[in-house]
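Those letters in the sequence shown? Residues 97 to 260, by my numbering.
Idealized CB from N, CA, C, for every residue including glycine.
All values derive from a computational prediction rather than experimental measurement.
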Amino acid sequence: MKSTKKTFKNIIFVYIIFVIQLFSRPAFACIEGMTWGMDLSSVENHLGVMLNPIKNTQKEDLYEVKDFKMSDLPVLSLKLRIKNEEGLKQIAYEIDYENMTEVLAGLRNRFGSPIGTSEIVDGNEPQQQWIWHTGVDVITAIKSDKRPFILSYKPSLLDPSFLG
């Protein structure tokens, strides 16, 4: 009898693991179909554009494409950090202010209220920041008076379930 119960528990456990694997999804990196760690050529193929290395920077892992579209939303500049060994590590969009409200509303609709908001005065340039933690990504939106609206995605280093 004990053997039957143990076998039944093992079968249920294997079934649950199977269902989790069946329905789990890769960690999307902001753009559907892209995942953190993708290499440069995979990112370019997925986006359908050639990424240009950003010159005049000390880092060799920064790439950019200008006049990009996210869905139908125009993006002034899409910047990506793609490391040789680690692949895609960060995505940043520069967007016109006229589209900021729609982007913030979309983030709030999809991920709920931001976990943090702040207003920073750095010299003569005040900034507003909104931060979301999706469990996979950390999303930061930054509004500044002298720069375009910025939306930055990077993979989370902390699994929220670890916190309890």
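Unbroken alpha helix (DSSP H) run spanning T197, endpoints: First-last of the alpha helix (DSSP H) with T197: 196-207.
Nearest neighbour of S240, chosen from L253, Q225, H229 [CA to CA]: Nearest C-alpha to S240: Q225.
Best match in I235, G133, I191 for proximity to S167 [C-alpha to C-alpha]: Comparing alpha-carbon positions, the option among I235, G133, I191 lying closest to S167 turns out to be I191.
Own chain residues within Cβ distance below 6 Å of Q186, not counting five before or after: R177, K250, listed in sequence order.
L184, DSSP secondary structure in three states: Of the three classes helix, strand and coil, the one that applies to L184 here is strand, per DSSP.
Helix, strand or coil at N152 according to DSSP, with G and I counted as helix: Three-state result, N152: coil.
Straight-line gap, E160 to Q154 (C-alpha atoms, nearest Å): E160 and Q154 have their C-alpha atoms some 15 Å from each other.
Whole-angstrom distance between L169 and K195, CA atom to CA atom: Reading off the sequence shown, one finds Asn at residue 195, where the question assumed Lys. Their Cα atoms are separated by approximately 8 Å.
Expected contact under 8 Å - CB spacing of K179 and L158 to nearest Å: About 10 Å separates the beta carbons of K179 and L158, which is beyond the 8 Å limit, so they are not a contact pair.
The beta strand (DSSP E) enclosing S173, as first and last residue numbers: Under the DSSP assignment, S173 falls in the beta strand (DSSP E) whose first and last residues are 169-179.
Range of the contiguous beta strand (DSSP E) that encloses V161: First-last of the beta strand (DSSP E) with V161: 158-166.
Per DSSP, cross-strand counterpart(s) of V217: Beta-bridge annotation (DSSP): V217 is paired with P222.
8 Å Cβ cutoff met for I246 and I227: Contact flag unset, no.
Own chain partners of K165 with C-beta closer than 8 Å, once the 5 adjacent residues on each side are dropped: Counting only Cβ-Cβ distances below 8 Å, and skipping sequence neighbours, we find V171.
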